[in-house]
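Engineer: The structure's right below; bear with me while I get my questions together.
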Amino acid sequence: MKKQLIYLSLIVFAGILVMYGCSSNKAKVNPTPSSPAATVSIQNFAFDPATVTIKVGSSVTWTNMDTAPHTATDLGNAFDSGSLATGKTFNFTFNAAGTYTYHCLIHSMMKNATVIVTN
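For reference, each letter of the sequence shown is one residue, going 1 to 119 in full-length UniProt numbering.
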């Protein structure tokens with residue numbers, strides 16, 4: 001009888017764990033990011049396209065397609081990708097309207113690219 005009570009208790013406990021684990025009321029800690037509103041390729045030592053327009057709350061993803069490393073660095077310090085090796089990406093979400101002019105810190109001729117963020 002004592003063993004049966006222990007087994008029954010374990011089954012009930014396991015059932016509670018399963019029900020809790022399947023609960024849909026749990027908060028999503030790391031929700032899946034939405035796809036970017038715009039993508040920029042870094043190739044031939046240029047940003048392509050040089051200007052993108054998005055809405056507040058949207059993101060831009062930069063992908064380095066060159067063999068040399070590059071950065072996407074805002075002149076107003078809003079964002080900085082750091083050095084991106086070939087095939088690497090950088091994603092940034094813009095939460096304020098404005099015009100963001102950026103360049104590559106490594107290659108001074110790569111400048112005057114723009115993200116325009118509208119309401």
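The C-beta atom is built at its ideal place from N, Cα and C for all residues, glycine as well.
Look at the Cβ atom of residue 97, then the Cβ atom of residue 40, and state whether they are nearer than 9 Å.
Structural biologist: As a first step, residue 97 must be located in the sequence shown, where it is residue number 97. As a first step, residue 40 must be located in the sequence shown, where it is residue number 40. No, the pair does not count as a contact, with Cβ atoms beyond the cut-off.
Engineer: The beta strand (DSSP E) with residue 46 in it runs from where to where?
Structural biologist: Counted from its first residue, the sequence shown places residue 46 at position 46. Residues 46-48.
Engineer: Looking at the structure shown, is residue 106 part of a helix, part of a strand, or coil, going by DSSP?
Structural biologist: In the sequence shown, counting from the first residue as 1, residue 106 sits at position 106. Here residue 106 sits in coil by DSSP.
Engineer: Checking 9 Å against the spacing of the C-beta atoms, do residue 107 and residue 45 come in under that value?
Structural biologist: As a first step, residue 107 is located in the sequence shown; it is residue number 107 there, counting from the start. As a first step, residue 45 is located in the sequence shown; it is residue number 45 there, counting from the start. Yes; because the gap between Cβ atoms is below 9 Å, this pair is in contact.
Engineer: Would you call the region 43-63 and the region 87-95 touching, i.e. three or more CB-CB distances under 8 Å?
Structural biologist: Touching, per the Cβ criterion.
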